[in-house]
Structure formats: C-alpha cells, structure tokens
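Residue 1 is where the sequence shown starts when you use the UniProt record's numbering, and the numbers rise one by one after that.
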Amino acid sequence: MEDLRIISLEEVSKHNFEDKKSCWIVISGKVYDVTKFLNEHPGGEEVITQLAGQDATVGFLDVGHSKDATEMAKEYLIGRLSENETPKETQTKTSSKPENGSGFVQQFIEIMTSPTWTNFLIPTTLGIIVYVVYKFLFN
Ligand code: HEM
Numbered sequence: 001m002e003d004l005r006i007i008s009l010e011e012v013s014k015h016n017f018e019d020k021k022s023c024w025i026v027i028s029g030k031v032y033d034v035t036k037f038l039n040e041h042p043g044g045e046e047v048i049t050q051l052a053g054q055d056a057t058v059g060f061l062d063v064g065h066s067k068d069a070t071e072m073a074k075e076y077l078i079g080r081l082s083e084n085e086t087p088k089e090t091q092t093k094t095s096s097k098p099e100n101g102s103g104f105v106q107q108f109i110e111i112m113t114s115p116t117w118t119n120f121l122i123p124t125t126l127g128i129i130v131y132v133v134y135k136f137l138f139n
C-alpha cells in the first residue's frame, strides 16, 4: 500500500465545493483534490462538483474513463481513506488477489473462440496433430 496520508470521509465531506474553494472526491478509496482540475475536465465541471466531498467511484467508472484519465488523476491525489472507510466494492483491484492465472486462461479462451480466420487455424492444427499422433501410436 502506498505511503499516503489517511484522510477520513468526514474531512473529505468538508470539501464539498459549497464555498467554491475546494472540491475533493474519492475514487476507489483514494482522495483527490480536483479543485484546480475542474475547469480542465473534458466532461465538464458540474459532473464532478455534484459529487464534491463524496465517493465518486461509481460515476468515474461508469463513464469508462481512459487510461490517460486515470493517469491524469494521479496528479491530484492527496491521500486515501482508511481501510475500514473504503467500501469493499470500490477498492482498486491492486489491493485484492492478483488474477494472473485466470487472466491467461481467459485470454486463451478468447483467442480460441474468436471467429477470425487465423485463430480458426490454431484449433484445426491442434486437431491434425492429435490425429497424426493417434495414428502413429495405434497403427
Ligand atoms: C480526478 C478525476 C477525474 C479525471 C482526471 C477525469 C478525466 C477525464 C478525461 C481525461 C476525460 C476525457 C475522456 C477520457 O479520456 O476518458 C473525461 C471525460 C468525462 N468525465 Fe472525467 N475525470 C475525472 C472525474 C470524473 C468524475 C468524478 C465524473 C463523474 C462522476 C466524470 C465524468 C466524466 C464525463 C461524463 C466525461 C465525458 C465522457 C464523454 O464525453 O464521453 N469524471 N474525464
């Protein structure tokens, strides 16, 4: 876990942009001070200020922000919620178990079931190899 300042939800809620001075939001348990970013946000100020002082994870994820947007957010990172204030479902994947194994299997299945011509060749070739080996062993 990164060495970030622990900020309580109560403190975040004070930066709700009511005074037009500061706007903090929470995304996946991390706290961002986006006050200076508001007028640069491609999606407009309002969508963010509506969630000022609150957890904006669901909204942020629903939009399907690009990798660039996630990178951009790091510039405004000021801290994180404590473990017990972070809802489980909004924690980032990095804090749960790694999924390397299932990722590989999933990728393999995707390739195998993809309808493109080259990927069709892979199972066909495998089938031929199995057939040849079978013939070789039992003849
Ligand atoms: C630090 C926080 C945020 C950053 C750095 C950020 C950055 C961006 C960027 C770069 C885009 C352009 C499209 C893309 O690259 O994905 C974008 C679009 C958008 N964002 Fe954000 N955003 C943040 C928070 C939020 C939040 C909290 C919401 C709403 C809950 C939101 C709603 C939107 C919407 C509605 C668009 C427009 C999408 C479209 O036109 O297709 N953003 N944001």
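Glycine is no exception: its CB is placed at the ideal position from the N, C-alpha and C atoms.
The ligand HEM heavy atom lying under 7 Å from the CB of residue i
i     : result
PHE37 : yes
LEU51 : yes
Residue nearest to residue i in terms of C-alpha spacing, selected from the options
i     : options                      : result
GLN50 : GLU110, PHE104 and SER13     : SER13
ASN16 : ALA52, GLY29, ASP3 and ILE48 : ALA52
ASP19 : GLY29, THR35 and VAL31       : THR35
Per-residue burial, residue i [other beta carbons within 10 Å of its own, 16 or more giving buried]
i     : result
LYS88 : exposed
THR57 : buried
VAL63 : exposed
PRO98 : A caution first: PRO98 carries a pLDDT of 47, below 50, which makes its placement in the model unreliable, though a value can still be read off. The residue is exposed, with fewer than 16 neighbouring Cβ atoms inside 10 Å.
Endpoints, beta strand (DSSP E) assigned at residue i
i     : result
VAL26 : 24 to 27
LYS30 : 30 to 33
GLY79 : 77 to 80
Element boundaries [alpha helix (DSSP H), containing residue i]
i     : result
ILE48 : 45 to 49
LEU9  : 9 to 14
Rounded distance between the beta-carbons of residue j and residue i, thought under 8 Å
i     : j     : result
ASN39 : GLU46 : That pair is no contact at about 11 Å.
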